[in-house]
Amino acid sequence: MSFFSWLANGLGTLMGVVADVVSTVVDTVRSAYNAFADKGGAVKEAAVDESRRKRERLREVNDEVMHLRNRAQSRGSLSDQERRRWHDLSEERAELMGKLGEAQEVKAAEKILENEALIEKVDVDLHTTHVLQYNAFADTLGKKCPMCTRQMKLQWRRDLAVPTPKDFYWGCTGWYVLKGEIRACKHTEALKRSDYRLMTDASAPEFSLNADEFGHIVSDSGTAEIITTRVDDLRSDLSKRKQGVELVTCPVHGEHMVLRKKSQPMGLLDTYFLACPHWQPSGQGCSFIEKLKSGSQLAALLKSETGRGIL
Ligand SMILES: [Zn+2]
Ligand SMILES: [Zn+2]
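With the working numbering applied, the sequence shown corresponds to residues 79 to 389, in that order.
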């Protein structure tokens, strides 16, 4: 099942839409969505409930896999029975992650149908790279690595305050999967021309500025203070509810990433990061983390979790 002939993400953005106008594209999504619902596919509340149950099960599966992994490390080996169990759990995990991926598509389609009136075409150029960076926050649905079939993620050179369009690339999430010292996959790809053509909800006030102006605003100390307070509030709210961030999942464990704060940050853009729930500061757990090093990522985080971005 896929509603999209293009790449999509949970913010309701489509990438690579070259020729068509917004209404034609939304109509295509609508008919695929309706056909899926007519065939009894779970949508809306039912889809949310089903995902919640699958995520709970996924968490149990991951915990048990971690337990077996630790046992293997401390004892040096596993019994045949334990090895079989590990194998079964890995299969169950792959199946659950596949189903949860489908549910992410359902939700993305619903967002597009709800926001139809706000969706515009954006051709990313020097002045609008922050729109691409904003969208890089959420998991990209449907971008698979040609080498290993893992999900790919939109990346950019993190040392740049304001990247240019050429500084973005696709990186395989296998980069974060360590087999001993070796990374499981290091495949990267340049963006295709069409990847710079987005259809997205362009109503966010952040998008009325150009990339440079936006960069200036988040470096203002008064603004940085307000953003820090808001992200701190969100962090304590999520942790009270024991929840992660909805639009970003660990590619290995499939669970929502947890918003964390560095203990001694150097300014706002060095303060927050997302980590897999199985991440450990000691480096023992899952190595998947995502640094929130741009105003665009923080805006996407706040907008998707609280309904309002940073402006
Ligand atoms: Zn790969
Ligand atoms: Zn993980």
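Yeah, the Cβ is synthetic: ideal placement off N, Cα and C, and Gly gets one too.
Residue i: buried (16+ other C-beta within 10 angstroms of its C-beta) or exposed?
i    : result
H145 : exposed
T102 : exposed
E368 : buried
D105 : exposed
H165 : exposed
I304 : exposed
H356 : buried
Q375 : buried
Start and end of the beta strand (DSSP E) containing residue i?
i    : result
Q233 : 230-234
I295 : Counting along the chain, I295 falls outside any beta strand (DSSP E), though it belongs to the alpha helix (DSSP H) covering 289-297.
Y350 : 350-353
Y247 : 246-250
K369 : 367-369
L267 : Here residue 267 is Glu; the residue named in the question, Leu, does not match the sequence. Here the beta strand (DSSP E) through E267 covers 266-268.
Considering residue i, what are the terminal residues of the alpha helix (DSSP H) in which it resides?
i    : result
K340 : First-last for K340: undefined, no H or E at that position.
V96  : Counting along the chain, V96 falls outside any alpha helix (DSSP H), and DSSP gives it neither H nor E.
D166 : 158-192
M144 : 122-153
T207 : 207-214
Just checking my contact of residue i with residue j at CB under 8 Å: how many whole Å lie between their CB atoms?
i    : j    : result
T59  : L232 : The chain is shown only over 79 to 389; residue 59 falls outside these bounds and no answer can be derived.
V95  : R275 : 6 Å
L346 : T306 : 6 Å
Going by C-alpha distance, which of the options is nearest residue i?
i    : options                : result
Y111 : R135, L89, R130, S83   : S83
Y350 : S360, L337, Q362       : L337
A268 : W234, V296, T301       : W234
R147 : R271, R162, N193       : R162
R171 : E383, G332, G345       : G332
R137 : Q362, H334, L352       : H334
S372 : S286, A186, D237       : D237
A289 : V209, R133, E180       : V209
N213 : Q151, F285, R308, A302 : F285
L325 : E173, S299, G300, L380 : L380
K177 : E383, R153, R135       : R135
>> So, does the region 258-268 touch the region 191-198, judging by three or more C-beta pairs under 8 Å?
In response: Touching, no.
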